[in-house]
Amino acid sequence: GLKLVGSYQTEVDLHDPPNSSVITGSTTGIEITADSAGNTIRNGTVSNNTGDGIVVDASNVAPSDNLITDIDVLDNAKTGIVLRGGAGTLVTDCTIARNNSGIDQDGYGGIAVLACCASLKWNTIENNQCSGIYADEASSLEIHGNLIRENREGIQLALTSDVTIQNNTITENLDGLVIEEGSSPEITCNIVWNNGNATDLVVNGGYDRLEFNDVGTTNLPGLPPTNISQDPQFKDPATDDYSLAETSPC
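Sequential numbering from 681 applies to the sequence shown in the numbering used here.
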């Protein structure tokens, strides 16, 4: 695929259709590593690779402040995007779908944030086998404005710190938002509704703030009074329109 090693402020444009590039058939589609900083990778498609779609890897010197934007990350055998160390990575306006599609399904799912800090904003994360977003030992993690649907878990946090989850729509997963022991995020202004046969909000750890959300079912004995539990009235989810009707309580 494509590998950035020690790159600084490089812009890689894989272009929009009909002239977009497709990175496919590699072990890893795109890898950013070895002190690469301030780079931008935009547009195009990363699909059907035999490992992960995109990897930010701090196994040598940690990358920092890289931007991944407007990329379709689809049908990769392992995780769609893996952020493994480093700081300041921003993933925004991407479609991350149908990843962890290999026979073994031994990836994390859509996006994995492992022992690093990052921002995940305005992405569509859907139909991944395993989690839409999985974070383990991550810190200073911002999850904002994403549509997360039809994954096993929408978001799963384990041993994280300083995590904010805000303005996301989390729906039609098996579990919606799962907070494991060692995590206490701030959760504000999200819709966590209609998540499969299980639970919308699962709290096995804790939370620092839980306000102004619309939450369906939960294992908590009750929600703080600033939250609601009412049908958010999506306009037409059958056609992937999760905007809200004028009469929505949200």
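Quick reminder that beta carbons are idealized off the backbone N, C-alpha and C, glycines included.
By the neighbour-count criterion, in which 16 or more other beta carbons inside 10 Å mark a residue as buried, residue 737 falls on the buried side.
DSSP places residue 775 within a strand segment (E or B) once states are collapsed to three. Its chain contains 694, 723, 724, 725 as the residues whose beta carbon lies nearer than 8 Å to that of residue 700, once the 5 sequence neighbours on both sides are disregarded; these appear in chain order. Taking all protein chains shown into account, residue 894 has 16 or more neighbouring C-beta atoms within 10 Å of its C-beta and is therefore buried. Between residue 719 and residue 757, the C-beta spacing is not below 8 Å. Residue 810 is positioned such that its CB atom lies no closer than 8 Å to that of residue 834.
Going by C-alpha positions, residue 687 is about 14 Å away from residue 748.
Looking only at 886, 875, 903, 800, the smallest Cα-Cα distance to residue 847 is reached by 800. Put simply, of 818, 896, 698, 731 the residue whose alpha carbon is nearest the alpha carbon of residue 710 is 731. Taking 8 Å as the upper bound for CB-CB distance, residue 906 and residue 892 are in contact here, some 6 Å apart.
Per DSSP, residue 900 is not a residue of any beta strand (DSSP E), being assigned neither H nor E.
In the same chain as residue 836, and ignoring 5 residues on each side of it, the C-beta atoms closer than 6 Å to its own belong to 811, 814, 858, in chain order.
A direct Cα-Cα distance of roughly 12 Å separates residue 782 from residue 760.
Comparing alpha carbon positions, the residue from 850, 861, 819, 856 closest to residue 844 is 819.
If you ignore the 5 residues before and after residue 762, its C-beta comes within less than 6 Å of the C-beta of 732, 735, 792, all in its own chain and listed in chain order. In the three-state scheme derived from DSSP, where H, G and I count as helix and E and B as strand, residue 815 is classed as strand.
Cβ-Cβ distances below 8 Å link residue 886 to 859, 863, 864 in the same chain, with the five nearest sequence neighbours on each side left out; the list follows chain order. With respect to the C-alpha of residue 829, the residue from 926, 775, 884 having the closest C-alpha is 775.
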